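Student: Chains as they are written, first to last, in our numbering: chain A, 1 to 167; chain B, 168 to 597.
Can you keep this structure in mind? I'll have questions shortly.
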Amino acid sequence: MAKVVYKVKDDVSTDTIYPGRFMATVLPAETPKFAFADDAEFNGRLQRKEIEPGSVIVAGRNFGCGSSREQAASCLRGYGLTILARSFARIFLQNSVNLGLPTITVPDLQAGTGDELELLPDKVVNKATGKDHAVTPLPSARQAIIDAGGLIAYTRKRLLEKAAGKK
Amino acid sequence: MGMTVVEKILARASGRASVKAGDVVEPAVDVAMSHENAALVINQFQEVFQGTGVEPVVWAPGKIVIIFDHRVPAESSKTATNQKKIREFCAKQNIAHLHDIRGDEGGICHQILPEYGYVRPGQVVVGTDSHTTSHGALGAFAFGIGATEMAGVWTLGIVFNVEVPGTIKVVVKGEFQRLVGAKDLILHLIGRLTAEGASFKVLEFHGPVIKAMPMSGRLVIANMSVEAGATSGIVPADDVTLRYLQKEAKVRDSIVPVKPDRTAVYDSVVEVNVSDLEPQIACPHTVDNVMPISRVEQKKVQQIVIGSCTNGRLDDLAVAARILKGRKVARGTRLIVFPASARIYRQAMAKGYLAELTAAGAVIMNPGCGCCLGVHQGALGDGEAALATTNRNFKGRMGNPNSEVYLCSPAVAAASAITGTITDPRKGGK
């Protein structure tokens, strides 16, 4: 069971998830501090570790639009959050897959803060409303990266395959 | 079956006779661009090689271009240290195309790439910046990627598992009114398509208005295609492209334009007639919140920004200088100008534009992203509003979540600087 701890609307940009003024901070170990930095309340709860890993952020359409900054994915991954959205912007979705931030596309998602959700491979069950919401599977091309444990591991695997091929 | 421009480019780059939307390919990369976030790319790149016993060497140093533009000169010791780390990495890896903080060859990545002829029609261009879509203006397939994905490109020279995007054909007809142009067109189009209307797709631009549009305008529409969610915006290469590459970028080798097949299959076709188009304004806090200027006229603004990767080109500065020549920036409003590159800065100086703009009260900054991403050189105060020729107006974009950003063309920005309120440039005398 996963609890919804935060709910945002449509078109939440990476400027909201990780404001540009903190972009000089790049390392995944250091970015979580600035997650949703302009919302002092939520950022504070994250930093004080009041939010359990595995908790869910629920978003509307086009979550993560805007900049390609990878910090927007790494800062959320640092807290072990899962993101459910009606749809995601392309670069943010790819960055999440690459870094291992769980993102689930649920086009007709209806859930509010405090709801308990059951996250299944093909659907999300909202225990608060009793309703099921179908999950749009990730494009198969992305699955290889997730299966490898993220893009660094996947690239390493491909590098070693290439190196072995040359011998 | 015929192919769109992006299908042709991806077929060539992945060694196939043909591909169609939805196919998964691994295209070879022709240009890999990064800016200050190369610091993160370096970190991820080194991590890839850890424990492999393979020497960490980039796949093709000549295809990597790094440009310092996001925080120049460094606004903090952290940035300065990142820039130092990048310089050292470039020296070690023989990456010669490093555009450092210099008044002769520096500038914003999305101006430097075309200006120096790094981008050619038909190429696959990736950049760790969402506005990499800009380079579709030269008929390339150019798109933004994250830093870890770029580490993969630096390692093997390919982008993994790319789905060939579908294409929306945009046909632009009619004739612009005086002081209405490319920026108004793309804002209008984003308003129509919405912020995710072209998500995971390519916008391919056609029609007489595009044919007649100079490279400065094409770069604007390709730059902002991402604001409709598009993976890329492509203007198929033509005579304008070839002339630009030969004259401005001094490209001497042969250039082969990639045209779509007549039988290409499009997801949809969107027609725009610009003849009645008013100047357009994107209102806070989303880029698709677009209105004709008549609906927001006289809104008071405290800061006006002309420049950036969207509108900091010589044509943009020329329009602004023409409108502001002999006039004054209104008291209570500050006008900040960011030329897109050092070359443009010097051209604008030689033509007298910078003198005219400063005499009017503008502050000319060094080429760079400046206040557009809210780091430095023009943050907004609580409750303030900015009118900017930049490309994003998200909440907090200019460094303060308690402020507003309106987006517009250079002509609107210049006319509004005189009044201190959002002003239709067509109503002025010039």
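Cβ atoms here follow ideal geometry from the backbone N, Cα and C, with glycine treated the same way.
Here the structure is a predicted model, which means the values were calculated and not measured.
Going along the chain, which residues of the segment 315 to 331 of chain B sit with their C-beta nearer than 8 Å to a C-beta in chain A?
Tutor: Thr315, Glu316, Ala318, Gly319, Thr322, Leu323, Phe327, Asn328, Val329 and Glu330
Student: Would you mind reading off the limits of the beta strand (DSSP E) that contains B:Phe343?
Tutor: Here residue 343 of chain B refers to the residue found at position 176 when the second sequence is read from its first residue. Where B:Phe343 is concerned, there is no enclosing beta strand (DSSP E), given that its DSSP letter is neither H nor E.
Student: So, at 6 Å on beta carbons, what are the nonlocal neighbours of A:Ile83 in its own chain, with the 5 sequence-adjacent residues on each side left out?
Tutor: Translated into positions along the first sequence, residue 83 of chain A becomes position 83. Excluding positions up to five away in sequence, the list reads Ile57 and Thr103.
Student: If you drop the 5 nearest sequence neighbours on each side, which residues of the same chain put their C-beta closer than 7 Å to that of B:Leu524?
Tutor: As a working note, residue 524 of chain B is residue 357 in the second sequence. Once the five neighbours on either side are set aside, the close Cβ partners of B:Leu524 are Ala487, Ala488, Leu491, Val504 and Ile531.
Student: What does the Cβ neighbour count give for B:Met168, buried or exposed, with the cut at 16 atoms within 10 Å?
Tutor: Here the question's residue 168 of chain B lines up with position 1 in the second sequence. By the 10 Å Cβ count, B:Met168 comes out exposed.
Student: Leaving out five residues on either side along the sequence, give the residues of the same chain with a beta carbon under 8 Å from the beta carbon of B:Phe618.
Tutor: There is simply no residue 618 of chain B to check, as chain B begins at 168 and stops at 597 in what is shown.
Student: Suppose only complete runs of 3+ residues qualify. What are the beta strand (DSSP E) ranges in the segment 364 to 394 of chain B, listed by chain order?
Tutor: 368 to 373
Student: Could you round the C-beta distance between B:Gly358 and B:Val457 to whole angstroms and report it? I think they count as a contact, below 8 Å.
Tutor: To locate residue 358 of chain B, count along the second sequence from 1; it is residue 191. To locate residue 457 of chain B, count along the second sequence from 1; it is residue 290. Under the criterion of beta carbons closer than 8 Å, B:Gly358 and B:Val457 qualify as touching, at roughly 3 Å.
Student: In chain B, what lies closer than 9 Å to A:Gln94 by C-beta?
Tutor: Stepping through the first sequence from its first residue, residue 94 of chain A is reached at position 94. What A:Gln94 touches in chain B: Ile312, Gly313 and Glu316.
Student: So which residues of chain A does B:Leu177 contact, with C-beta pairs closer than 7 Å?
Tutor: Position 10 of the second sequence, counted from the start, is the residue given in the question as residue 177 of chain B. Under the 7 Å cutoff, chain A gives no residues; its nearest Cβ is about 13 Å from B:Leu177.
Student: Closer than 7 Å by beta-carbon distance: list the chain A residues that pair up with B:Val191, in chain order.
Tutor: Here the question's residue 191 of chain B lines up with position 24 in the second sequence. The answer, in chain order, is Ala141.
Student: Specify whether the segment 336 to 343 of chain B and the segment 177 to 185 of chain B touch according to this definition: at least 3 beta carbon pairs, one from each stretch, less than 8 Å apart.
Tutor: no
Student: Where are the beta strand (DSSP E) runs, 3 residues long or more, that stay fully inside the segment 534 to 592 of chain B, in chain order?
Tutor: 552 to 555 and 571 to 574
Student: Judging by CA-CA distance, which residue of A:Tyr6, A:Ala2 and A:Asp11 is the nearest neighbour of A:Phe92?
Tutor: Translated into positions along the first sequence, residue 92 of chain A becomes position 92. Nearest of A:Tyr6, A:Ala2 and A:Asp11 to A:Phe92, Cα basis: A:Asp11.
Student: I want to know whether the segment 288 to 298 of chain B touches the segment 200 to 210 of chain B - three or more CB-CB distances under 8 Å.
Tutor: yes
Student: Compute the Euclidean distance between the alpha carbons of A:Ala2 and A:Leu119, then round it to the nearest angstrom.
Tutor: Here residue 2 of chain A is taken as the residue at index 2 of the first sequence, counted from 1. Here residue 119 of chain A is taken as the residue at index 119 of the first sequence, counted from 1. So the alpha carbons of these two residues sit roughly 7 Å apart.
Student: Please return the same chain residues whose Cβ sits closer than 8 Å to the Cβ of A:Ile146, not counting the five positions on each side in sequence.
Tutor: Here residue 146 of chain A is taken as the residue at index 146 of the first sequence, counted from 1. Around A:Ile146: Val97, Gly100 and Leu138.
Student: If you measure between the beta carbons of A:Ala24 and B:Thr246, is that distance less than 8 Å?
Tutor: Numbered from its first residue, the first sequence carries residue 24 of chain A at position 24. Numbered from its first residue, the second sequence carries residue 246 of chain B at position 79. Going by C-beta atoms, A:Ala24 is nearer than 8 Å to B:Thr246.
Student: Curious, which full-length alpha helix (DSSP H) runs of at least 4 residues does the segment 435 to 489 of chain B contain?
Tutor: 475 to 478
Student: Would B:Pro288 count as contacting chain A if we go by Cβ distances under 8 Å?
Tutor: The residue you call residue 288 of chain B lines up with position 121 of the second sequence. Not one chain A Cβ lies under 8 Å of B:Pro288.
Student: On the three-state DSSP scale, how would you describe A:Phe88?
Tutor: By one-based count along the first sequence, residue 88 of chain A stands at place 88. A:Phe88 falls in the strand class under three-state DSSP.
Student: Would you mind giving the Cβ-Cβ distance between B:Ile589 and B:Ile460, rounded to the nearest angstrom? I have them listed as a contact below 8 Å.
Tutor: By 1-based counting over the second sequence, the position of residue 589 of chain B is 422. By 1-based counting over the second sequence, the position of residue 460 of chain B is 293. At roughly 7 Å, the Cβ-Cβ gap stays under 8 Å, so B:Ile589 and B:Ile460 are in contact.
Student: When you compare the CB positions of A:Asn95 and A:Ala111, do they come within less than 8 Å of one another, or not?
Tutor: The residue you call residue 95 of chain A lines up with position 95 of the first sequence. The residue you call residue 111 of chain A lines up with position 111 of the first sequence. Not in contact: A:Asn95 and A:Ala111 (Cβ atoms no closer than 8 Å).
Student: Kindly confirm or deny that the segment 398 to 410 of chain B and the segment 246 to 265 of chain B touch, where touching means at least three C-beta pairs closer than 8 Å.
Tutor: no
Student: Taking the straight line between their C-alpha atoms, what separation do you get for A:Tyr6 and A:Ala85?
Tutor: Sequence index remark: in the first sequence, residue 6 of chain A carries index 6 (1-based). Sequence index remark: in the first sequence, residue 85 of chain A carries index 85 (1-based). For A:Tyr6 and A:Ala85, the distance between alpha carbons rounds to 12 Å.
Student: Excluding the 5 residues flanking A:Thr171 on each side, which residues of the same chain have their C-beta closer than 7 Å to its C-beta?
Tutor: The displayed coordinates of chain A run from 1 to 167. Any statement about residue 171 of chain A would go beyond what the structure contains.
Student: Just reading off the alpha helix (DSSP H) that B:Tyr512 is part of, what are its end residues?
Tutor: As a position in the second sequence, residue 512 of chain B is number 345, starting the count at 1. Taken as a continuous stretch (DSSP letters only), the alpha helix (DSSP H) holding B:Tyr512 covers Ala509 to Ala517.
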